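Numbering that gives the first Met the number 0 puts the first residue of the sequence shown at 0, with every later residue one more than the last.
Taking it in order: structure first as structure tokens, then the write-up.
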Amino acid sequence: MELHPFIVHFPIALISLLYIFQIFTVLSPNIVPKHLNLWILIPAAISTIPTMISGQKTEKLLDNLCPEAVEALHYHKLFANFTVWGMIILTFIWVFITLKRKATKEVQKLMLAFLTILFISVSITGYLGGQLVHVWKT
0 MELHPFIVHF PIALISLLYI FQIFTVLSPN IVPKHLNLWI LIPAAISTIP
50 TMISGQKTEK LLDNLCPEAV EALHYHKLFA NFTVWGMIIL TFIWVFITLK
100 RKATKEVQKL MLAFLTILFI SVSITGYLGG QLVHVWKT
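Here's what the structure looks like:
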């Protein structure tokens, strides 16, 4: 049984939730409990790892793809790798900043900028994954 279709939605949901909470943190810091974003970031980053591994295993089962599906798969993998490594790096940076108590408003804005990039990346990854499943029937 392929795990990828079942676990792929966890990082998408957690990264999306984190992005929304970070927007609230920047716009109105008192709405979001302190460190809540960090507690969402950690499982979001961790959940990307088994999702990527299961995607790699699923890829090995694919054969006879048309050129368009091969291209979609290439970009799906590219954005997935960017998302996974970006989340891991951001998690380590965010934990370090939190432990040093340096999470100023400016730092929160910078985190929002990075999360915007990662949110766009995971959205593109999800879109391409949906194309692979629903258009190319992989």
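Ideal Cβ placement from N, Cα and C applies to all residues, glycine included.
Note that the coordinates shown come from a computational prediction; the quantities given were computed from them, not determined experimentally.
Close-in-space but distant-in-sequence residues of the same chain around residue i (CB under 7 Å, 5 per side omitted)
i	result
residue 43	10, 13, 14, 17, 86
Buried/exposed call for residue i, threshold 16 Cβ in 10 Å
i	result
residue 114	buried
residue 69	exposed
residue 116	exposed
Residue i CB to nearest heavy atom of the ligand SAM below 6 Å
i	result
residue 128	With respect to small molecules bound, the structure shown includes none, and the ligand SAM cannot be examined in it.
Presumed contact (8 Å Cβ cut-off) between residue i and residue j, rounded CB distance
i	j	result
residue 47	residue 83	4 Å
residue 81	residue 122	The Cβ separation is near 12 Å, so there is no contact.
residue 138	residue 61	Residue 138 lies beyond the range of the chain shown here (0 to 137); nothing can be said about it.
Original post:
Is the segment 60-71 close to the segment 108-122, with three or more CB pairs under 8 Å?
Top reply: Touching, no.
Original post:
Counting Cβ pairs closer than 8 Å, one from the segment 73-84 and one from the segment 21-34, do we hit at least three?
Top reply: Inter-segment contact for the segment 73-84 and the segment 21-34 is absent: fewer than three beta-carbon pairs are separated by less than 8 Å.
Original post:
Is the segment 0-9 in contact with the segment 50-60, if contact means three or more CB pairs nearer than 8 Å?
Top reply: Result yes; three or more Cβ-Cβ pairs closer than 8 Å.
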